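Asks:
Written as structure tokens, this is what we have:
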């Protein structure tokens with residue numbers, strides 16, 4: 003079980019297509035051709051810029067010395083509200099529910115639940131936040 007997959011914001015890094023491609027050894031590429039790799043925003047390995055130096059939530063958690071927004075007395079704050087309301091990323095709406103569930107069942111069970119949530123029930127292929135159907139078998143994703 004990898005607790006590093008619990009992002010500062012409350013997302014599950016294992017649901018990220020860049021993380022999945024990195025794990026599969028088939029990284030995506032930036033427009034300049036350089037590899038786009040990420041091992042999760044809390045990892046010590048390479049992290050995509052938007053989940054590292056460009057992430058205000060990550061910096062805020064580090065500045066406050068908290069593991070994630072769940073541990074912050076000011077949650078939800080303006081940063082989190084803006085993050086959740088970004089129309090380009092509808093899966094951001096999941097973070098408050100994710101943090102509630104994380105509090106209820108603990109990190110080990112939460113990561114296991116997320117691993118199951120992002121795995122196709124029909125064929126066991128992993129899928130990402132954006133996919134509405136499994137790329138392997140075509141079944142709808144939850």
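Numbering (the numbering used here), first residue to last: 3 to 144.
Glycine residues also receive a C-beta, built at the ideal position from the N, C-alpha and C atoms.
Remember, predicted model here, so these are calculated numbers, not experimental data.
1. I need the boundaries of the alpha helix (DSSP H) containing residue 104, first residue and last residue.
2. Considering only residues of the same chain and omitting the five flanking positions on each side of residue 57, which have a CB-CB separation below 6 Å?
3. Assuming residue 21 is part of the alpha helix (DSSP H), what are its boundary residues?
4. How many Å lie between residue 106 and residue 34 at the Cα?
5. Let me check understanding here. Comparing Cα to Cα, which of 103, 38, 141 lies closest to residue 53?
Replies: Per the coordinate set shown:
1. 97–107
2. none
3. 19–25
4. 43 Å
5. 38
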